[in-house]
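A.B. asks: One structure follows; several queries about it will come next.
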Amino acid sequence: LEMSASQQNLDNFIRKLRKKLRQIENLERLNRSLTEDEVIKLNSKDEVREKLQDALEEYQVAVETDERDVVGSTSSQVQKPSSVNRAVDADTSRHDHLEELDQSTKQLTPSSDHNTSTENRILTRKHDQGDRTKLEPKVKVRSELAHSYCQVSYLEGHSDLITALVVVGDKVVTASRDTTLKFWDITLGTEIHSYGGHTGSVVSLLVLDDVDEPCLPENDKLLISGSLDSTFKLWALHSGQLLRSVYTYSPVLHIGYCFPAGRLVTGSDGGKLELWNLASGENTFSSRAHTASITGLKISNNAVYSSASDGIIRIDQVTESGHLVCLFVSEAVKTVSGSPLVTRHIRCLALHQDMILFGDDARNIKLLDWKKGLVTKLSNHTNSFSFTDALSCHGELLLSSSYDLDQGLGYINIRSSRRFEYLATIDDESTERIVCLDFGYSSSNNLFVVTGGMDLKLWQVLPAQSVNKSTEQVDEDIFQLEFRPALAQLAVDSETESSNDDSDYEDESYGSEPGKVRSDISSNGWLSWCTLL
1 LEMSASQQNL DNFIRKLRKK LRQIENLERL NRSLTEDEVI KLNSKDEVRE KLQDALEEYQ
61 VAVETDERDV VGSTSSQVQK PSSVNRAVDA DTSRHDHLEE LDQSTKQLTP SSDHNTSTEN
121 RILTRKHDQG DRTKLEPKVK VRSELAHSYC QVSYLEGHSD LITALVVVGD KVVTASRDTT
181 LKFWDITLGT EIHSYGGHTG SVVSLLVLDD VDEPCLPEND KLLISGSLDS TFKLWALHSG
241 QLLRSVYTYS PVLHIGYCFP AGRLVTGSDG GKLELWNLAS GENTFSSRAH TASITGLKIS
301 NNAVYSSASD GIIRIDQVTE SGHLVCLFVS EAVKTVSGSP LVTRHIRCLA LHQDMILFGD
361 DARNIKLLDW KKGLVTKLSN HTNSFSFTDA LSCHGELLLS SSYDLDQGLG YINIRSSRRF
421 EYLATIDDES TERIVCLDFG YSSSNNLFVV TGGMDLKLWQ VLPAQSVNKS TEQVDEDIFQ
481 LEFRPALAQL AVDSETESSN DDSDYEDESY GSEPGKVRSD ISSNGWLSWC TLL
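Everything in the sequence shown is counted per the UniProt record's numbering, starting at 1 for the first residue and increasing by one.
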């Protein structure tokens, strides 16, 4: 059915309100003082969202009214489409899609440490990813996980946005815009240590095991924090002792560690990648790898994977001489359908074997096979005006944050990391935007998730048989996981934004890049940037 004029006007109005809300949401994440105009915009969030809800309700009523009118006048002439055929076609397409993903992952060269996250994992000299994977329980079948329950609780102590976190066994380290780091006991739900010393927002974390650090107490782990105060600091995780502070002259947005080279890697808001000797604090190499702010940094062996706010992903190799040599830049990647990829602000990065996973300001998670230059998409939201701020992939699970812009609520989607099959959603219907997450397993092999945003939350997945149904009905902190069929279907492309959508509002200058199709670059454009080794 074609839109009526009133529906079209409402649709345009809804688009503008959603765009305004997205701008406001990005204002909340800026790591600087807001201007007077920005504060006014921020304070209008509830009013804008209320207008959006009213417009959505009005639009739905208009659509239903038009459909009734059409059905009443043409029911004798219109043949209804077969829902059975649609279901069969969708199921067949999904089967083909999963087979394609399965074949692509089988063709990749396996590596025991490609899952290693430099921000969401504990790193060791021996690259313990393979060992940890063996210890993690096999993923539950979809029906069992979707019928499980979840108990949610708060970890209270930070006074501002939680920007980064990493699970360490049955404990978690968190960083915040309040300039502190905290170490928590997940089992008890209590704070163990608070690390103070930064003068700006702490935005990145790294926990290292089995690393050469003479000042580190025996049997302790090395905690490294990066901050907007242009320093990274080394701490003894368990004792809480500050070991060293290094001034970098640029805000430290992301950090990682390259074991083969024995170097810390930092990423800055100016697009620089830098290598550091931890023992001496010496900067051993610096390169402006990106033209925009770095938004993600992962390391596997001697390969450095980085993303930027302009939608570009880059792979560099740390050479024996201690330099970075470019291997790949994602300027000419295409979707599996052959169309150019729309580049947007990349907000998170993860690795799985040779696949690069990333989330941006759109409805799908992207899987980049960088050797082929092809991107496959996984549904993570139900509308185009969405954010994927956090990914965590290790063992047999991929977890992603999702944010319902219309409602202002965040939730967690769970997928298998083998074929990326959607398994379940964790949603307590009262969580705001989730900007960081990680997960682990309890001593009884039950999944738990820790999420950060304006609140720090612990989500403990409980087997269905362990929950007393009468308790679940009266305890608001216990709820059942959901299975959302729309997230199990083939991914739907997000809408590209036309300039007409912006007519009443300012540009997207608040931490988000508008969608752009990089169709003006030749298919081998990235080769001119990089050296193939």
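Ideal placement from N, C-alpha and C gives every residue a C-beta, glycine not left out.
Would you mind reading off the limits of the beta strand (DSSP E) that contains R419?
C.D. replies: In the sequence shown, counting from the first residue as 1, residue 419 sits at position 419. Counting along the chain, R419 falls outside any beta strand (DSSP E), and DSSP gives it neither H nor E.
A.B. asks: Pull up the CB-CB distance for Q460 and N446, whole angstroms please, since I reckon it's below 8 Å.
C.D. replies: For the purposes of this step, residue 460 is identified with residue 460 of the sequence shown, where counting begins at 1. For the purposes of this step, residue 446 is identified with residue 446 of the sequence shown, where counting begins at 1. With 8 Å as the limit, Q460 and N446 qualify as a contact, their Cβ atoms being about 7 Å apart.
A.B. asks: Between H254 and C326, what straight-line distance do the alpha-carbon atoms span, to the nearest angstrom?
C.D. replies: If you number the sequence shown from 1, residue 254 lands on position 254. If you number the sequence shown from 1, residue 326 lands on position 326. Spanning the two alpha carbons is a distance of roughly 19 Å.
A.B. asks: Can the beta-carbon of E274 be found less than 9 Å from the beta-carbon of S286?
C.D. replies: The residue given as residue 274 occupies position 274 in the sequence shown. The residue given as residue 286 occupies position 286 in the sequence shown. Their beta carbons are under 9 Å apart, which means E274 touches S286 by this criterion.
A.B. asks: Which residues in the same chain have their Cβ closer than 7 Å to the Cβ of G373, if we skip the five residues on either side of it in sequence?
C.D. replies: Counting from 1 along the sequence shown, the entry for residue 373 is found at position 373. Contacts found: A332, V333 and K334.
A.B. asks: So who's on the other strand from residue 534, going by DSSP bridges?
C.D. replies: With the chain covering 1 to 533 only, the question about residue 534 has no answer from this structure.
A.B. asks: Go ahead and pull the three-state DSSP assignment for F13.
C.D. replies: For this step, residue 13 is matched to residue 13 along the sequence shown. Looking at F13 - three-state DSSP - the assignment turns out to be helix.
A.B. asks: Given a cut-off of 9 Å, decide if Y403 and R484 are closer than it, judged by their beta-carbon atoms.
C.D. replies: As a position in the sequence shown, residue 484 is number 484, starting the count at 1. As a position in the sequence shown, residue 403 is number 403, starting the count at 1. No; because the gap between Cβ atoms is not below 9 Å, this pair is not in contact.
A.B. asks: Could you tell me the boundaries of the beta strand (DSSP E) in which D37 lies?
C.D. replies: Along the sequence shown, read from residue 1 onward, the residue named residue 37 stands at position 37. Run containing D37: none in the beta strand (DSSP E); it sits in the alpha helix (DSSP H), E36 to N43.
A.B. asks: Confirm, please, whether the CB-CB distance from I346 to F358 is below 9 Å.
C.D. replies: Along the sequence shown, read from residue 1 onward, the residue named residue 358 stands at position 358. Along the sequence shown, read from residue 1 onward, the residue named residue 346 stands at position 346. In this structure, I346 lies closer than 9 Å to F358 by Cβ.
A.B. asks: What residues are listed by DSSP as bridge partners for S33?
C.D. replies: Residue 33 sits at position 33 when you count from the first residue of the sequence shown. Bridge partners of S33: none, in fact.
A.B. asks: For V166, which option in I224, E156 and I313 has the closest C-alpha, if you only look at C-alpha atoms?
C.D. replies: By one-based count along the sequence shown, residue 166 stands at place 166. Closest option to V166, Cα to Cα, is I224.
A.B. asks: So S401 and I412 are in contact, right, with Cβ under 8 Å, and what is the actual spacing, rounded?
C.D. replies: The sequence position of residue 401 within the sequence shown is 401, counting from 1. The sequence position of residue 412 within the sequence shown is 412, counting from 1. With 8 Å as the limit, S401 and I412 qualify as a contact, their Cβ atoms being about 6 Å apart.
A.B. asks: When the Cα atoms are used, what is the spatial distance from G267 to Y305?
C.D. replies: To locate residue 267, count along the sequence shown from 1; it is residue 267. To locate residue 305, count along the sequence shown from 1; it is residue 305. Each residue's Cα considered, the two are about 11 Å apart.
A.B. asks: Span of the beta strand (DSSP E) holding N283?
C.D. replies: Position 283 of the sequence shown, counted from the first residue, corresponds to residue 283. Taken as a continuous stretch (DSSP letters only), the beta strand (DSSP E) holding N283 covers N283 to R288.
A.B. asks: So, with DSSP's three-state summary, where would you put residue 538?
C.D. replies: Residue 538 falls outside the range modelled here, since the chain spans only 1 to 533, and no answer is possible.
A.B. asks: Grouping DSSP H, G and I as helix and E and B as strand, with all else coil, what is A62?
C.D. replies: To locate residue 62, count along the sequence shown from 1; it is residue 62. A62 falls in the helix class under three-state DSSP.
A.B. asks: Give me, in chain order, the residues of the same chain whose beta-carbon lies closer than 7 Å to that of L228; leave out the 5 immediate sequence neighbours on both sides.
C.D. replies: Sequence index remark: in the sequence shown, residue 228 carries index 228 (1-based). Closer than 7 Å at Cβ, skipping near neighbours: N31, G200, S201, V203 and P251.
A.B. asks: Pick from Q7, V172, T163 and F259: whose alpha carbon is nearest that of I186?
C.D. replies: Numbered from its first residue, the sequence shown carries residue 186 at position 186. Nearest of Q7, V172, T163 and F259 to I186, Cα basis: V172.
A.B. asks: Whole angstroms are fine: how far does the CA of I315 sit from the CA of L409?
C.D. replies: Within the sequence shown, numbered from 1, the residue matching residue 409 stands at position 409. Within the sequence shown, numbered from 1, the residue matching residue 315 stands at position 315. Cα to Cα, the separation comes out at about 34 Å.
A.B. asks: Give a yes or no on contact between the segment 382-399 and the segment 359-367, applying the rule of three or more CB pairs nearer than 8 Å.
C.D. replies: Touching, yes, given that three or more Cβ pairs across the two stretches are closer than 8 Å.
A.B. asks: Please state whether the Cβ-Cβ distance between S379 and Q489 is less than 9 Å.
C.D. replies: As a first step, residue 379 must be located in the sequence shown, where it is residue number 379. As a first step, residue 489 must be located in the sequence shown, where it is residue number 489. Yes, the pair counts as a contact, with Cβ atoms nearer than the cut-off.
A.B. asks: Within the continuous beta strand (DSSP E) that includes L216, where are the two ends?
C.D. replies: As a first step, residue 216 is located in the sequence shown; it is residue number 216 there, counting from the start. From DSSP, L216 is part of no beta strand (DSSP E); its letter is neither H nor E.
A.B. asks: Within its chain, find whatever has a CB closer than 7 Å to the CB of S239; leave out the 5 residues flanking it on each side and keep chain order.
C.D. replies: Within the sequence shown, numbered from 1, the residue matching residue 239 stands at position 239. These residues qualify, in order along the chain: P217 and D220.
A.B. asks: Do D455 and Q151 count as a contact pair if the criterion is CB distance below 9 Å?
C.D. replies: Position 151 of the sequence shown holds residue 151. Position 455 of the sequence shown holds residue 455. In this structure, D455 does not lie closer than 9 Å to Q151 by Cβ.
A.B. asks: When burial is assigned at 16 or more other CB atoms within 10 Å of the CB, is T291 buried or exposed?
C.D. replies: As a position in the sequence shown, residue 291 is number 291, starting the count at 1. So T291 ends up on the exposed side.
A.B. asks: Kindly indicate the opening and closing residues of the beta strand (DSSP E) around E320.
C.D. replies: Along the sequence shown, one-based indexing puts residue 320 at 320. Run containing E320: none; DSSP gives neither H nor E here.
A.B. asks: Among G270, T163, A279 and Y249, which residue has its Cα nearest to the Cα of P214?
C.D. replies: For the purposes of this step, residue 214 is taken as residue 214 along the sequence shown, with counting starting at 1. Closest option to P214, Cα to Cα, is A279.
A.B. asks: Considering only residues of the same chain and omitting the five flanking positions on each side of S230, which have a CB-CB separation below 8 Å?
C.D. replies: As a working note, residue 230 is residue 230 in the sequence shown. Cβ within range, chain order: G200, Y247, T248, Y249, S250, P251 and V252.
A.B. asks: Are the beta-carbon atoms of G452 and I192 separated by less than 9 Å?
C.D. replies: The count along the sequence shown starts at 1 and reaches residue 452 at position 452. The count along the sequence shown starts at 1 and reaches residue 192 at position 192. Cβ distance not < 9 Å, so G452 and I192 don't count as in contact.
A.B. asks: Run the CB neighbour count on K371, radius 10 Å, all protein chains shown included, and call it buried at 16 or more, exposed below.
C.D. replies: Against the sequence shown, residue 371 aligns to sequence position 371. Classification of K371: exposed, given that the 10 Å Cβ count is below 16.
A.B. asks: Excluding sequence positions up to five away, which residues of its chain have a Cβ less than 6 Å from the Cβ of T319?
C.D. replies: Within the sequence shown, residue 319 is the residue found at index 319, counting from 1. Same-chain partners within the cutoff: V325.
A.B. asks: Please report the distance separating the alpha-carbon of T174 from that of D160.
C.D. replies: The count along the sequence shown starts at 1 and reaches residue 174 at position 174. The count along the sequence shown starts at 1 and reaches residue 160 at position 160. Answer to the nearest angstrom: the Cα atoms are 12 Å apart.
A.B. asks: Below 8 Å on the Cβ atoms is my contact criterion, and I expect G296 with R344 to pass it. Report the Cβ-Cβ distance as a whole number of Å.
C.D. replies: Against the sequence shown, residue 296 aligns to sequence position 296. Against the sequence shown, residue 344 aligns to sequence position 344. The pair is not a contact, with the Cβ atoms about 13 Å apart (cut-off 8 Å).
A.B. asks: Leaving out the 5 sequence neighbours to the left and right, which residues in its chain are closer than 6 Å to K45 when beta-carbon positions are compared?
C.D. replies: Position 45 of the sequence shown holds residue 45. Around K45: I24.
A.B. asks: Are the CB atoms of D406 and R49 nearer to each other than 9 Å?
C.D. replies: The residue labelled residue 406 in the question sits at position 406 within the sequence shown. The residue labelled residue 49 in the question sits at position 49 within the sequence shown. Taking 9 Å as the Cβ cut-off, D406 and R49 qualify as a contacting pair.
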